[in-house]
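Read top to bottom, the protein sequences are chains A and B.
Number 448 marks the last residue of the first sequence (the numbering used here); no jumps.
Number 448 marks the last residue of the second sequence (the numbering used here); no jumps.
C-beta atoms are modelled at their ideal positions from N, C-alpha and C, and glycine is treated no differently.
Here the structure comes first, spelled out in structure tokens, and everything after it is commentary.
2 protein chains.
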Amino acid sequence: MNGEPMRMALRVTKALADLQRVRILMMLRQGELCVCQIVEVLGLAASTVSKHLSVLDGAGLVDSRKEGRWMYYRLPGGVSERPVRPVLKWLDEVLVKDEAIQQDAKRVKAVVACKPERLCRRQRERQ
Amino acid sequence: MNGEPMRMALRVTKALADLQRVRILMMLRQGELCVCQIVEVLGLAASTVSKHLSVLDGAGLVDSRKEGRWMYYRLPGGVSERPVRPVLKWLDEVLVKDEAIQQDAKRVKAVVACKPERLCRRQRERQ
DNA sequence: TCCATAGTTCGTCATGTGGCGAAATATAGC
DNA sequence: GCTATATTTCGCCACATGACGAACTATGGA
Numbered sequence: 322m323n324g325e326p327m328r329m330a331l332r333v334t335k336a337l338a339d340l341q342r343v344r345i346l347m348m349l350r351q352g353e354l355c356v357c358q359i360v361e362v363l364g365l366a367a368s369t370v371s372k373h374l375s376v377l378d379g380a381g382l383v384d385s386r387k388e389g390r391w392m393y394y395r396l397p398g399g400v401s402e403r404p405v406r407p408v409l410k411w412l413d414e415v416l417v418k419d420e421a422i423q424q425d426a427k428r429v430k431a432v433v434a435c436k437p438e439r440l441c442r443r444q445r446e447r448q
Numbered sequence: 322m323n324g325e326p327m328r329m330a331l332r333v334t335k336a337l338a339d340l341q342r343v344r345i346l347m348m349l350r351q352g353e354l355c356v357c358q359i360v361e362v363l364g365l366a367a368s369t370v371s372k373h374l375s376v377l378d379g380a381g382l383v384d385s386r387k388e389g390r391w392m393y394y395r396l397p398g399g400v401s402e403r404p405v406r407p408v409l410k411w412l413d414e415v416l417v418k419d420e421a422i423q424q425d426a427k428r429v430k431a432v433v434a435c436k437p438e439r440l441c442r443r444q445r446e447r448q
């Protein structure tokens, strides 16, 4: 069984081949976020964001934990970090200076200041 | 002007998000190859391979030179290598043990033993 | 137990991408 | 210059992917 490495590698590269997913990964540098927080920053439907997160998860690019009704995602750490570490490091280096990424970072700061509960209510009321 | 880094990064990740293009990059570790040699190993139409190469080129993942009627592609070196070096290194590490990649390597060895002229003739006659 | 609600899954649509063969382009050799 | 030919570009088709809203699932609190 060794067609695995290629399948793994492609899962990672395909996961990284999308603007929104890269934005999510960069946002997670600031710490774990729940889905509604990511939704708030990206401005996409929750279902869309959830799908993106499952793709990132499938590629081992995020870890997650459930806390009550909230699902928190974070960059992988420890053992799970190993295989993807170099790619994430590269992305980080390349994108540090990206304007849009810096803007996202600001919005993340604002968003983590709210409790997820408030965010979710705002999102519901918005439509 | 600074939305550039993201556009660059996505060009790279999208270029890497395809099996055939990854195979090509791994093949080029053994040295420069002309299009017909790559066609021979991948078993795809020349037009398809050419398109893949232009995507890789657009992402800065290959350099090229023209020699007569033949176009040679190689992994980037020197200055052009810099921005993508870490990703290529990662890919290399992940895929060293991949069976399919090792098989490709063998076929590359066989193919570089022929002169491109012979290869091209064989490909023409094949259909 | 039942309701409210965060997140996921499903169905659908528009767009993007990879494949091919045919036509176009560029170069070597006559 | 003309012909042969390696590669690229173009037009087309089939399939993958990202977006949404609706339906579903699971969890906390009344």
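Annotated three-state conformation of E388(A) is strand, per DSSP.
Look at A426(A): its C-beta is not under 8 angstroms from any C-beta on chain B. The beta carbon of V415(B) falls within 8 angstroms of a beta carbon belonging to chain A, placing the residue at that interface.
Between the alpha carbons of A330(B) and K436(A) lies a gap of roughly 33 angstroms. Chain B places a beta carbon closer than 8 angstroms to that of M329(A), counting this residue as a contact.
In summary, the residues of the stretch 330 to 347 of chain A whose CB is separated from some CB of chain B by less than 9 angstroms are A330, L331, V333, T334, K335, A336, L337, A338, D339, L340, V343 and R344, in the order they occur in the chain.
Counting other Cβ atoms within 10 Å of its Cβ, A380(B) reaches 16 or more and is therefore classed as buried. Here the alpha carbons of P397(A) and S371(B) stand approximately 37 angstroms from one another.
Excluding sequence positions up to five before and after W391(A), its CB lies within less than 7 angstroms of the CB of C355 and P437, all in the same chain and listed in chain order. Judged by pairs of C-beta atoms under 8 angstroms, the stretch 408 to 424 of chain B touches the stretch 402 to 409 of chain A, as three or more such pairs exist.
Assignment of L396(A) by DSSP, reduced to helix, strand and coil, places it in the coil class.
Residue pairing by DSSP puts C355(A) in a beta bridge opposite Y393(A). Interface residue (Cβ-Cβ distance to chain B less than 8 angstroms): P326(A) is classified as such.
For the stretch 403 to 414 of chain A, the beta-carbon criterion of a distance under 8 angstroms to any beta-carbon of chain B is satisfied by P404, P407, V408, K410, W411, L412 and E414.
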